[in-house]
Amino acid sequence: MKKIFPFFFIFLSSFLMSQKQDRKNLIKGKWDFKVFDDTIAFPILPEINIKTSNKIFLNSIEFEDNTFSAKNKLDKFEGKWVILGNNLILYFSNKVSLLYEIMRLNNDRLELKEEGMLVPNLGYQRRN
Numbered sequence: 001m002k003k004i005f006p007f008f009f010i011f012l013s014s015f016l017m018s019q020k021q022d023r024k025n026l027i028k029g030k031w032d033f034k035v036f037d038d039t040i041a042f043p044i045l046p047e048i049n050i051k052t053s054n055k056i057f058l059n060s061i062e063f064e065d066n067t068f069s070a071k072n073k074l075d076k077f078e079g080k081w082v083i084l085g086n087n088l089i090l091y092f093s094n095k096v097s098l099l100y101e102i103m104r105l106n107n108d109r110l111e112l113k114e115e116g117m118l119v120p121n122l123g124y125q126r127r128n
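Heads up: the sequence shown at position 24 corresponds to 24 in full-length UniProt numbering, and the numbers run straight through without jumps.
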């Protein structure tokens, strides 16, 4: 048993590192905001009083190696990004940072959940 444990530990750590690299490589590219019909729904009910502190809405995001650039209708933003576990953190150049939980990430779809929300509320589709 003692001989098996180090091999198991090495296998597990290499597997987890490869998963992190896959996510980092998958997120690179240009993404545009899109509302998908099978997800991204949030019931607005008076008895549920959830507010998000996020005041920045991004229409499009471009992820490069460790930096990103983003746009909304009025402004352009730049900064650095990092994936920690299942979280995406955007560090803007104006010292503001946003934390999102990655709910889905594949070749053509990125779904994010803002802090304090119950379901994913931001969906992006990869731009070709």
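Note that the Cβ used here is the ideal one computed from N, Cα and C, for glycine as well. Since this is a predicted model, take the numbers as computed values, not measurements.
How would you call residue 57, buried or exposed, if buried means at least 16 neighbouring beta carbons within 10 angstroms? As a first step, residue 57 is located in the sequence shown; it is residue number 57 there, counting from the start. Per the 10 Å Cβ criterion, exposed.
Does DSSP classify residue 122 as helix, strand or coil? Numbered from 1 along the sequence shown, position 122 holds the residue referred to as residue 122. Here residue 122 sits in strand by DSSP.
6 Å CB neighbourhood of residue 30 in its chain, flanking five on each side removed: Start at 1 with the first residue of the sequence shown, and residue 30 comes out as number 30. Result list for residue 30: 62 and 127, in chain order.
Along the chain, where does the beta strand (DSSP E) containing residue 113 start, and where does it finish? For the purposes of this step, residue 113 is taken as residue 113 along the sequence shown, with counting starting at 1. Counting along the chain, the beta strand (DSSP E) containing residue 113 begins and ends at 109 to 114.
For residue 69, collect the residues of the same chain with a Cβ closer than 6 Å to its Cβ; drop the 5 residues on either side in sequence, then sort them by chain order. For the purposes of this step, residue 69 is identified with residue 69 of the sequence shown, where counting begins at 1. Here the set comprises 62 and 78.
Residue of 66, 116 and 111 minimising C-alpha distance to residue 80: Counting from 1 along the sequence shown, the entry for residue 80 is found at position 80. Selected option, being the one with the closest Cα: 66.
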